[in-house]
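With the numbering used here applied, the sequence shown covers 2 to 413.
This report concerns only the one structure given below.
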Amino acid sequence: MKHQLMLPSHKNELCYFEEEEEKKFVGALVEHYSSSKEAFAHFVKTFYSLGEEYEEYCLSVRKKNVRAHSEQELLDLYLIYKQKFLDYTCILWAGYLLAEYWMEKGIIGLTDDKVKEALFRPTKKSTVLLMQEEAAALKKDKLEAFWKKYQWLPCLDLQNDPWTLDDVRAYVSDITLGQTEKGLSFEEAAGRAGLTKEQIAMYKMIKELAYIKDVRDDFRRKSVFYIRDLFVEIGKRLGLSLTETAYLTEQEIVEGLKGKAVPKHLAVKRQEGFLIYIENDCIVVIDHAIDAKLKRMGFKEEAPHTKELKGICAYPGKVRGIVKIVRTVHDILKVNRGDVLVALTTHPDYVPAMQKAGAIVTDEGGMLSHAAIVSRELKIPCVVGTKSATKVLQHGTLVEVDASRGSIKPLS
């Protein structure tokens, strides 16, 4: 797709596509990867193959003594990494778009919340849920092993630090498992909904895509964790910190390792915000006058509706609570038990706060988003896809979340 842009917002990456172009692109993906049982099996095989290849390469680099490598050797490792990353990212995005497409198809006509929960439940438990169950039963002498097993979880990008032992200790000490309510089995839900053979096949595919949406981040986070040492060393050679290095373009890294001066001021400025888009078949990165550029591109946000927010019910329930806006992982410390966690979107490193929340509300996402899946696992009322909750709701105010209706109403 030629008309797309990436706009980081409060450390979250937002990607936008031109609507008609996206429809054509998604249509081609659906035809290629999910038009038949065999086509979908090929997609699943390709996804796992590229994910494992990406992770294995990053792990192999971690085992090297990169400090002893020359600049050319570092460059060679980086370029191979970049290609593995791009190969995996393509199939990652294909999985995301397929999941969103089929979720929209699958939700039509479903009104029973228990049926929806069963039909959209991933085929296997996510890493986050497995970690939560393991943490709840963890013995003190197993804490370090637990930390080594999961320290990679926050590493969505290079600038995200892995968990420290103290982080894990705090997580484990605060863990509480809610009441587990046995939901319908897939077969029971299919029978209650009166699904046809073709519909059953579609929902089985949706369940696999729901699990892949979790696994895709596992591959990504583990790989970023493993490759950190390479980027730390590249940064040292360029006179930059790891965070500054993470904000360089591929061309800037390549030229830097070949001896050209690196624009450190740009790496610093981009941490405040930047915009990536395609123009004349070239990728353009700008880090100044972003609002003016967006306006010239015809980009505008809808005015938020302030009386009552509406979204998609990911898990039913009705609660009242205090709004806590979570824009970055650092904000999760603000969330107390029973609060309404409001975020642009959620990530695995938000889970400690999500476990405390009385309800979860997001701007973005659908039935297969991270927030939706985790809320169903934790049995917490959740509304996703409100578009503007983080803009409309005020931190510290009282709201009523009626997730069954997909509504959030300010009370103060």
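Ideal Cβ placement from N, Cα and C applies to all residues, glycine included.
- Relative to residue 382, the option among 315, 326 and 158 whose CA is nearest is 315.
- Between residue 313 and residue 407 the beta-carbon gap is near 6 Å, inside 8 Å, which marks them as a contact.
- By DSSP's assignment, residue 280 forms a beta bridge with 283.
- DSSP places residue 353 within a helical segment (H, G or I) once states are collapsed to three.
- Distance from the Cα of residue 114 is smallest, within the candidate group 148, 190 and 102, for 190.
- DSSP places residue 413 outside any alpha helix (DSSP H), giving it a letter other than H or E.
- Contact annotation: the segment 27 to 44 touches the segment 98 to 107, with at least three C-beta pairs closer than 8 Å.
- Contact between residue 362 and residue 341 holds: CB atoms are separated by about 6 Å, below the 8 Å threshold.
- For a cut-off of 8 Å, the C-beta gap from residue 371 to residue 347 is around 5 Å, short enough to register as a contact.
- Judged by their CB atoms, residue 72 and residue 210 are not nearer to each other than the 8 Å cut-off.
- Taking the Cα positions, residue 175 is about 26 Å away from residue 385.
- When C-beta atoms of the segment 277 to 284 are compared with those of the segment 68 to 82, fewer than three pairs fall below 8 Å, so the two segments do not count as touching.
- DSSP places residue 315 in the uninterrupted beta strand (DSSP E) bounded by 313 to 316.
- Annotation: the segment 330 to 374 contains the following complete segments of the alpha helix (DSSP H) (minimum length 4 residues), in chain order: 352 to 357.
- Looking at the DSSP output, residue 383 bridges to 316 and 361.
- Less than 8 Å divides the Cβ of residue 224 from the Cβ of residue 59.
- The continuous stretches of beta strand (DSSP E) do not include residue 98, which lies in the alpha helix (DSSP H) extending over residues 72 to 108.
- Membership of residue 403 in the beta strand (DSSP E) is indicated by the continuous run 399 to 403.
- Excluding five sequence positions before and after residue 227, the CB atoms of its chain that fall closer than 6 Å to its own CB belong to 59, 60 and 63, given in chain order.
- Under the DSSP assignment, residue 227 falls in the alpha helix (DSSP H) whose first and last residues are 198 to 239.
- Judged by their CB atoms, residue 377 and residue 357 are not nearer to each other than the 8 Å cut-off.
- Judged by DSSP secondary structure, residue 132 falls within the alpha helix (DSSP H) whose first and last residues are 128 to 137.
- For residue 324, the secondary structure class from DSSP, reduced to helix, strand or coil, is strand.
- In this model, residue 219 and residue 136 are separated by some 18 Å (Cα to Cα).
- Assigned with DSSP and collapsed to three states, residue 18 falls in strand.
- It is roughly 14 Å from the alpha-carbon of residue 53 to the alpha-carbon of residue 44.
- Listed as beta-bridge partners of residue 242 by DSSP are no residues whatsoever.
- Around the beta-carbon of residue 66, fewer than 16 other beta-carbon atoms lie within 10 Å, marking it exposed.
- Contact between residue 222 and residue 154 holds, with the beta-carbon distance rounding to 6 Å and staying under 8 Å.
- CA-CA distance, residue 145 to residue 379, rounds to 25 Å.
- If you draw a straight line from the Cα of residue 55 to the Cα of residue 299, it comes to about 37 Å.
- Here residue 319 has 382, 401, 402, 403, 404 and 405 as same chain residues with Cβ atoms under 8 Å from its own Cβ, once five neighbours each way along the sequence are excluded.
- Across the structure, residue 243 and residue 232 are spaced so that their CA atoms are roughly 6 Å apart.
- Minimum Cα-Cα distance from residue 229 among the listed residues 51, 393, 68 and 24 corresponds to 68.
- Separation of residue 70 and residue 277 (C-alpha to C-alpha, rounded to the nearest whole angstrom) is 32 Å.
- Cβ-Cβ separation between residue 324 and residue 266: approximately 37 Å, too far for a contact (criterion under 8 Å).
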